[in-house]
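Novice: One gets our numbering by counting positions in the sequence shown from 1 and adding 185 to each.
For glycine and all other residues, C-beta sits at the position ideal for the given N, C-alpha and C.
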Amino acid sequence: TLDLVPSRRSARSIVATLWITGGWIAAALLVHWIVRRVPTHAARELGAAATGAAIGLGSAWFELRMIPRVVRALTVGGLLLVRTFFYVGLCALVIHAVTMPVLGLSEHGGLLGYYTSPEYRSFVFGGRFVLALVVLTLTSFVINFVRQLNRMLGPGTLTSLLLGRYHRPVAEERIFMFLDLNNSTSIAAALGPLRFNDFKNDFFHDLAEPVLETPGQIYQYVGDEAVITWTVERGLRQGNCLRCVFLVNERVHEQKDRYLARYGMVPEFKAGLHGGPVVTAEIGDIKKDIVHSGDTVNTAARIEAQCRPLERRVLVSEALLKQCPVPAELELEDMGARELRGKDEALRLYSVRARD
Numbered sequence: 186t187l188d189l190v191p192s193r194r195s196a197r198s199i200v201a202t203l204w205i206t207g208g209w210i211a212a213a214l215l216v217h218w219i220v221r222r223v224p225t226h227a228a229r230e231l232g233a234a235a236t237g238a239a240i241g242l243g244s245a246w247f248e249l250r251m252i253p254r255v256v257r258a259l260t261v262g263g264l265l266l267v268r269t270f271f272y273v274g275l276c277a278l279v280i281h282a283v284t285m286p287v288l289g290l291s292e293h294g295g296l297l298g299y300y301t302s303p304e305y306r307s308f309v310f311g312g313r314f315v316l317a318l319v320v321l322t323l324t325s326f327v328i329n330f331v332r333q334l335n336r337m338l339g340p341g342t343l344t345s346l347l348l349g350r351y352h353r354p355v356a357e358e359r360i361f362m363f364l365d366l367n368n369s370t371s372i373a374a375a376l377g378p379l380r381f382n383d384f385k386n387d388f389f390h391d392l393a394e395p396v397l398e399t400p401g402q403i404y405q406y407v408g409d410e411a412v413i414t415w416t417v418e419r420g421l422r423q424g425n426c427l428r429c430v431f432l433v434n435e436r437v438h439e440q441k442d443r444y445l446a447r448y449g450m451v452p453e454f455k456a457g458l459h460g461g462p463v464v465t466a467e468i469g470d471i472k473k474d475i476v477h478s479g480d481t482v483n484t485a486a487r488i489e490a491q492c493r494p495l496e497r498r499v500l501v502s503e504a505l506l507k508q509c510p511v512p513a514e515l516e517l518e519d520m521g522a523r524e525l526r527g528k529d530e531a532l533r534l535y536s537v538r539a540r541d
């Protein structure tokens, strides 16, 4: 196992919390400047900043703690509505619980002073409070819609489509990992088609965090197989492409009790990795997608197919390992040159496993 996984996850949570909180502080200051009708001063700026900080911390808790627990139970539209109404309610609550007491202390001599003042009645009944909620609601809806769409398409895909990065074919270097569930046929027979789909979907959900941590993209799902890709720079950095498969294993192990309770079994998988040149292009009209094509993709699939006959969980091409730093917690085993279907020359493969 990877001993540093909990600390890495904690570090990612802290960084995400800081970004979310900082973003909401900026948003709260912006809303304050838009809706203000009285001369501003330091206390009002402080109140807006404190409001943003409180909303940011609440948002971080919601996104990092609550959403992962309910995301599988909600539709895309349901999740969008839940997020939007949560943020509107949170903003309304924080404005009254944080902003008003700050203004009461600074302008009316006590925590509750602002609530009894003409300014409060003017703010609530004069339209500025409603305007603030409308601005925050629209902002929240747009932000969450874009986030949902970006997550559905895969991180970075929406940006690439909007900017037309692959409107014309682009030659680039990429790393691919084909990750396949073991014994799918027997599991499907034991669980039945509907429960097997749930089993598979749970496994694919558990892929998300390791892929984001490494940081890669889930290129596509093919039956019970996921294809994950990295740019060469991201995939090679700190051995991300190698670490990913073991982080997936760590994640599945953490969810072992849930799998056993629901299905009576824990998913096992095998993976093959290879890197090299591909052509990336935007295709389609009524359904747009970004596809990668070339021998590199096919070779990665052929390497994964060798896991069963060689009885190894993870196989990597020698060509990729020559470029990729191997994390200290992993070790290699030379499996020799192997004949791959559709390849003229044998390819040397290595098994990768966690050190005991």
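Are at least three pairs of beta-carbons, each pair with one atom in the segment 373-390 and one in the segment 474-488, less than 8 Å apart?
Specialist: The segment 373-390 vs the segment 474-488: no contact.
Novice: For the alpha helix (DSSP H) holding P286, just list the boundary residues, first then last.
Specialist: Taken as a continuous stretch (DSSP letters only), the alpha helix (DSSP H) holding P286 covers 285-292.
Novice: Going by CA-CA distance only, name the one from I205, I219, V437, I252 that's closest to A238.
Specialist: Out of I205, I219, V437, I252, I205 has the C-alpha closest to the C-alpha of A238.
Novice: Have a look at Y406 and I252 and give me their C-alpha separation to the nearest angstrom.
Specialist: Between Y406 and I252, the C-alpha separation is close to 23 Å.
Novice: In three-state terms, what does DSSP make of Y351?
Specialist: Correct three-state label for Y351: coil.
Novice: Assuming the contact rule is C-beta atoms closer than 8 Å, G460 and G521 should be a hit. Round their C-beta distance to whole Å, please.
Specialist: 20 Å between Cβ atoms; not a contact.
Novice: Just to confirm the assignment, what range does the beta strand (DSSP E) spanning A553 have?
Specialist: In the structure displayed, the chain extends from 186 to 541; residue 553 sits before or after that span and is not available.
Novice: Is A374 near the ligand GTP, with its Cβ less than 7 Å from a heavy atom?
Specialist: In the structure on display, the ligand GTP does not appear, and there are no ligands present to speak of.
Novice: In the structure shown, what three-state DSSP assignment does T260 receive?
Specialist: It is coil, neither helix nor strand.
Novice: Which of helix, strand or coil does DSSP assign to M251?
Specialist: If DSSP states are grouped into helix, strand and coil, M251 belongs with the helices.
Novice: Measure the beta-carbon distance from V283 to A235 and round it to whole angstroms, keeping in mind my assumption that it falls under 8 Å.
Specialist: Rounded, the Cβ-Cβ distance is 5 Å, consistent with contact.
Novice: Would you kindly report the start and end of the unbroken beta strand (DSSP E) that includes K385?
Specialist: First-last for K385: 378-398, but that is the alpha helix (DSSP H), not the beta strand (DSSP E).
Novice: By a C-beta neighbour count over all protein chains shown, 10 Å radius and 16 as the cutoff for buried, is N425 buried or exposed?
Specialist: Under this definition N425 is a buried residue.
Novice: Count the CB pairs spanning the segment 477-493 and the segment 444-457 that are closer than 8 Å, and state whether there are at least three.
Specialist: With a cut-off of 8 Å, the segment 444-457 and the segment 477-493 count as touching, because enough Cβ pairs lie within range.
Novice: Between which two residues does the beta strand (DSSP E) carrying V549 extend?
Specialist: Because the chain in this structure spans residues 186 to 541, residue 549 falls outside the shown range and cannot be described.
Novice: Assuming the contact rule is C-beta atoms closer than 8 Å, E467 and L346 should be a hit. Round their C-beta distance to whole Å, please.
Specialist: The Cβ separation is near 7 Å, so the contact holds.
Novice: Which word fits A485, buried or exposed, when buried means at least 16 other C-beta atoms lie within 10 angstroms of its C-beta?
Specialist: By the 10 Å Cβ count, A485 comes out buried.
Novice: Helix, strand or coil: which one does DSSP assign to L517?
Specialist: Three-state result, L517: strand.
Novice: Starting from K441, trace the alpha helix (DSSP H) both ways and give me its first and last residue.
Specialist: 441-448 is the span of the alpha helix (DSSP H), which, as asked, contains K441.
Novice: Give me the Cα-Cα distance between L187 and W209, rounded to the nearest whole angstrom.
Specialist: Note that L187 has pLDDT 45, beneath the 50 cutoff, so the model's placement of it is unreliable and no number is given.
Novice: Excluding five sequence neighbours on each side, which residues of the same chain lie with their C-beta closer than 7 Å to the C-beta of V417?
Specialist: Taken in chain order, the residues that qualify are E358, R359, I360, G460.
Novice: Just to confirm, are L525 and L532 a CB contact at a threshold of 8 Å?
Specialist: Contact flag set, yes.
Novice: Just reading off the beta strand (DSSP E) that P462 is part of, what are its end residues?
Specialist: 454-468 is the extent of the beta strand (DSSP E) around P462.
Novice: I think S195 touches T269, with their Cβ atoms under 8 Å apart; what is that distance to the nearest whole Å?
Specialist: Rounded, the Cβ-Cβ distance is 29 Å, inconsistent with contact.
Novice: Check D365 in the structure and name its three-state DSSP category.
Specialist: In this structure, D365 counts as strand in the three-state DSSP scheme.
Novice: Cutting at 7 Å between CB atoms, please list the residues of its own chain near F271, excluding the five before and the five after it.
Specialist: Correct list, in chain order: F247.
Novice: Just to confirm my understanding: we take A233, look at its own chain, exclude 5 residues before and 5 after, and list those with CB closer than 6 Å. What are they?
Specialist: Answer for A233: A213, L214, H217, listed in chain order.
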